[in-house]
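Here's the structure we're looking at; comments come further down.
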Amino acid sequence: MTPVFGNLLIRVNASFLILASAGGLITDIAGSFFGRSAEAALLANAPGTGIGFIEAHGLALIIGLTMWRSAYSLNWHAVLAAVHALLGTANLLFWQFFIAADVLIVGYATTAAHWLFVVAHLAVLAGTARPVASSH
């Protein structure tokens with residue numbers, strides 16, 4: 001694995017996080033405060049639950065911006081694998097939200113992307129693992 005490819009993967013990942021989270025924040029704000037967007041139906045009877053949506057998408061945006069601006073480090077692959085494992089798992093555990101908001105295509109696309117990034121970052125880490133020297 002070359003640092004050029006590793007950095008490219010991180011940049012593609014950062015772009016995804018920035019774009020997807022910005023879109024999520026727009027719908028979070030629209031649903032939480034203005035009763036608009038697909039989330040409005042979810043938040044109508046419990047508007048305070050919007051905090052979780054806004055926090056998750058806001059943190060994903062911060063992580064994406066941080067990754068875009070950071071110098072390349074192999075350690076970022078482990079961080080990003082963990083981030084996407086968390087986000088992908090949350091999507092699966094709360095799949096009913098995608099159904100209730102009638103945004104299954106968003107659920108399919110983002111969940112697949114999260115798990116593809118997990119696999120890609122773990123592959124980079126596996127490809128750069130150094131064998132431990134045995135002491136016979």
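Residue 31 in this note's numbering sits at position 31 of the sequence shown, with consecutive numbering throughout. Beta carbons: idealized from backbone N, C-alpha and C, even for Gly.
Annotated as distal: His57 and Gly88, with beta-carbon spacing of 8 Å or more. Excluding its 5 nearest sequence neighbours in each direction, Gly107 has C-beta neighbours in its own chain below 7 Å: Asn91, Trp95, Phe98, listed in chain order. A straight line joining the alpha-carbon of Ala41 with that of Ile26 spans about 15 Å. By the C-beta density criterion, Asp28 is buried, having at least 16 other C-beta atoms within 10 angstroms.
For Arg69, the uninterrupted alpha helix (DSSP H) segment begins and ends at 50-69. Rounded to the nearest angstrom, the Cβ distance from Gly64 to Leu17 is 3 Å, consistent with a contact under 8 Å. Inclusion of Val124 and His84 in the CB contact set at 8 Å is not warranted, their separation being larger than that value.
Beyond the five residues adjoining it in sequence on each side, Leu43 comes within less than 7 Å, by CB distance, of Gly31, Ser32, Thr49, Gly50 in the same chain, given in chain order. Nearest to Ala120 by alpha-carbon distance, out of Ala81, Ala101, Thr111, is Ala81.
Assigned with DSSP and collapsed to three states, Ala112 falls in helix.
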